[in-house]
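Undergrad:
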Amino acid sequence: AGEIGAGHTVTAIYELTLTDRAVPGRSRNSRFNGEIAFFRLRYKKPGGSRSRLIEKPLLKSHILTDEPSDDFLFSSAVAYFAQRLRKSKYNRNVSYNRILKVMKQSRGQDKFSYRKECESLVSMAIQYSRPK
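All residue numbers for the sequence shown refer to my numbering, where the first residue is 928 and numbers rise by one.
1. Within 8 Å, do at least three Cβ pairs link the stretch 1027-1034 to the stretch 987-1007?
2. Could you check the C-alpha separation between P984 and A964 for me, to the nearest Å?
3. Could you give the distance in angstroms between the alpha-carbon of L991 and the alpha-carbon of K1038?
4. At 4 residues or longer, and completely inside the stretch 951-1038: list those alpha helix (DSSP H) runs for me, N to C.
5. Considering only C-alpha positions, which residue in the set P1058, E930, E942 is nearest to Y1017?
6. Between R1025 and A939, what straight-line distance do the alpha-carbon atoms span, to the nearest angstrom?
7. Under DSSP, the alpha helix (DSSP H) around V1049 begins and ends at which residues?
8. Identify which residue in G932, L1048, I931, R1057 has its Cα closest to the Cα of A1004.
9. Assign Y970 to one of two classes, buried (16 or more other C-beta atoms within 10 Å of its C-beta) or exposed (fewer than that).
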């Protein structure tokens, strides 16, 4: 849970590992079949005092099979970079070089060079992580 002010945006990235195994205690004929997650967002209109709630199920059929966008790929690479810096156990097999390659391939429109600046941070991490 968190708060976002008017005019601000946030990107949340979740990695889902899909499985065909049944959920213990749930019938295969359950009304939740095909549902892989549930999205809830509570917000207030600018200047408003009453909060509103949006609730939507995320179904397996909602997953796009097309290639991910450059924005998605780049933001995922940034998330991997953050995990590497924190020495996360979840992406030990993803190298700084791989992260940099994905960033460069998905830079897209970079009007203010923010993405290029992020790439330079990964390049510095590569240099500092080499044995001396």
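The beta-carbon is built from N, C-alpha and C at its ideal position, and this holds for glycine as well.
TA: Judging by the given coordinates:
1. yes
2. C-alpha separation (whole angstroms): 6 Å.
3. Answer to the nearest angstrom: the Cα atoms are 28 Å apart.
4. As far as the stretch 951-1038 is concerned, its whole alpha helix (DSSP H) runs of at least 4 residues are 997-1012, 1023-1032.
5. Nearest C-alpha to Y1017: E942.
6. 22 Å
7. 1041-1056
8. Ranked by Cα distance from A1004, the first of G932, L1048, I931, R1057 is L1048.
9. Result: exposed.
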